[in-house]
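Participant: Below is a structure I'd like to ask you about.
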Amino acid sequence: MYKRKEDLLFWIGIMRDHSIFQSSTFAPKEVTYIKKSMMFRDFFQAVMDKVKSEYDLEMNIPSIMKALNDFINFKRQIVKGLLTCKLEINLLPSFISHQINEAMEFRFELMSPQNYLECLKRPICFIDFLKKWIADGSGHASTYASFLDPTESILRDEALAFKMKFDMLSVKANELQMMMMQSESGESALIMLAAQVEDLMKKFILYLEKMLKHRSECKVMAIGTLSPLLPNHMIREHKYSLNKINEYIENKNRY
Numbered sequence: 012m013y014k015r016k017e018d019l020l021f022w023i024g025i026m027r028d029h030s031i032f033q034s035s036t037f038a039p040k041e042v043t044y045i046k047k048s049m050m051f052r053d054f055f056q057a058v059m060d061k062v063k064s065e066y067d068l069e070m071n072i073p074s075i076m077k078a079l080n081d082f083i084n085f086k087r088q089i090v091k092g093l094l095t096c097k098l099e100i101n102l103l104p105s106f107i108s109h110q111i112n113e114a115m116e117f118r119f120e121l122m123s124p125q126n127y128l129e130c131l132k133r134p135i136c137f138i139d140f141l142k143k144w145i146a147d148g149s150g151h152a153s154t155y156a157s158f159l160d161p162t163e164s165i166l167r168d169e170a171l172a173f174k175m176k177f178d179m180l181s182v183k184a185n186e187l188q189m190m191m192m193q194s195e196s197g198e199s200a201l202i203m204l205a206a207q208v209e210d211l212m213k214k215f216i217l218y219l220e221k222m223l224k225h226r227s228e229c230k231v232m233a234i235g236t237l238s239p240l241l242p243n244h245m246i247r248e249h250k251y252s253l254n255k256i257n258e259y260i261e262n263k264n265r266y
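This is the structure:
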């Protein structure tokens, strides 16, 4: 039974945001894609409102699962269209690829919430979780920098500095994962990595909160599609992953 209502609402909100980002950045001629992304937007918004007001979450799971599978396939079509230069959308292939990874993470948690939580307690699963969110942090920082006006060089450089640090942690995570698989050890190094990711994410969240405030007050020059929803979306994602990282570290520190 799905018991973590806050996680369910988090993921549904993230999927809704993905569809909003897509529908607002397709070229006007991509009518079919625009209509489909708006259909997903309306579904996820409606089901989020429904989940908020209901006690029994289980009754919503089948419809969410079906829509989620369809949405994953839709995102794959977008990536294919971008890689074959047959689709016009103002989003990068890696940005959509990260959206697919997030949707698949949601699907795993939705299909088997207890197994998902138990998996995150195991080092070999947790480092895989860390890698996904480190990559997400790098992608978020890079994307945000690319949306800022060239005159906002100080803010762009801040974002790119975060990207560089996330990339450094990504190299460490990849190497550590390989060594853990080879030796079935390395938990202490994993705790250190988790602490480093935790520290960087906290700082990145502060940066995003600053950018959210500035953009909401129209103090920062950027492309017109850079709405306050983007930093808000990123903040929610990083707070979610930060909570999971905190849970892992606290659990390991008990023993």
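12 is the number of the first residue of the sequence shown in the working numbering; add one for each residue after it.
Heads up, the beta-carbon is just placed ideally off N, CA and C, and yes, glycines get one too.
For the alpha helix (DSSP H) that F55 lies in, which residues bound it at each end?
Facilitator: V42 to S64
Participant: Which residue wins for smallest C-alpha separation from I202, given the options K250, L121, I256 and R27?
Facilitator: I256 is the residue among K250, L121, I256 and R27 whose C-alpha sits nearest the C-alpha of I202.
Participant: Considering F85, what are the terminal residues of the alpha helix (DSSP H) in which it resides?
Facilitator: I72 to L94
Participant: Per DSSP, what kind of secondary structure is L20 in: helix, strand or coil?
Facilitator: helix
Participant: If you follow the alpha helix (DSSP H) that E116 is in, where does it begin and where does it stop?
Facilitator: Its alpha helix (DSSP H) spans residues P104 to M122.
Participant: Under a three-way DSSP split, which group does A200 fall into?
Facilitator: helix
Participant: Are the beta-carbon atoms belonging to S149 and K174 less than 8 Å from one another?
Facilitator: Yes, Cβ-Cβ distance for S149 and K174 is below 8 Å.
Participant: Report the start-end ranges of each alpha helix (DSSP H) in the segment 133-220 that is 4 residues or longer and not cut off at the edges.
Facilitator: 134-158 and 164-194
Participant: What residue from N262, L171, L159 and F55 has the CA that sits closest to L237's CA?
Facilitator: It is L159 whose Cα lies nearest to the Cα of L237.
Participant: Have a look at the DSSP bridge pairing and note the partners of A233.
Facilitator: L159
Participant: Could you tell me the distance, in whole angstroms, from the CA atom of L187 to the CA atom of R15?
Facilitator: 31 Å
Participant: Check for me: the alpha helix (DSSP H) holding E248 runs from which residue to which?
Facilitator: L240 to N264
Participant: By Cβ distance, which residues of its chain are closer than 7 Å to E258, with the 5 residues on each side in sequence left out?
Facilitator: There are no such residues.
Participant: Which same chain residues end up closer than 6 Å to W22 when comparing Cβ atoms and leaving out the 5 residues on each side of it in sequence?
Facilitator: F117
Participant: For the candidate residues V42, R52 and W144, whose alpha-carbon lies nearest to that of I100?
Facilitator: V42
Participant: Smallest Cα separation from Q56: which of D28, C130 and E220?
Facilitator: D28
Participant: Determine whether the beta carbon atoms of E220 and I246 lie at a separation below 8 Å.
Facilitator: yes
Participant: DSSP three-state call for M12: helix, strand or coil?
Facilitator: The predicted position of M12 is uncertain, since its pLDDT is 48 and thus under 50; a value taken from the coordinates is nonetheless stated next. Here M12 sits in coil by DSSP.
Participant: Return the CA-CA distance between F140 and N112, expressed in angstroms with no decimal places.
Facilitator: F140 and N112: Cα-Cα distance of roughly 11 Å.
Participant: Which residue's Cα is closest to the Cα of I83: F51, L171 and N254?
Facilitator: F51
Participant: Taking the Cβ atom as the reference point for each residue, do A152 and L131 lie within a distance shorter than 8 Å?
Facilitator: Taking C-beta atoms as the reference points, A152 and L131 fail to come closer than 8 Å.
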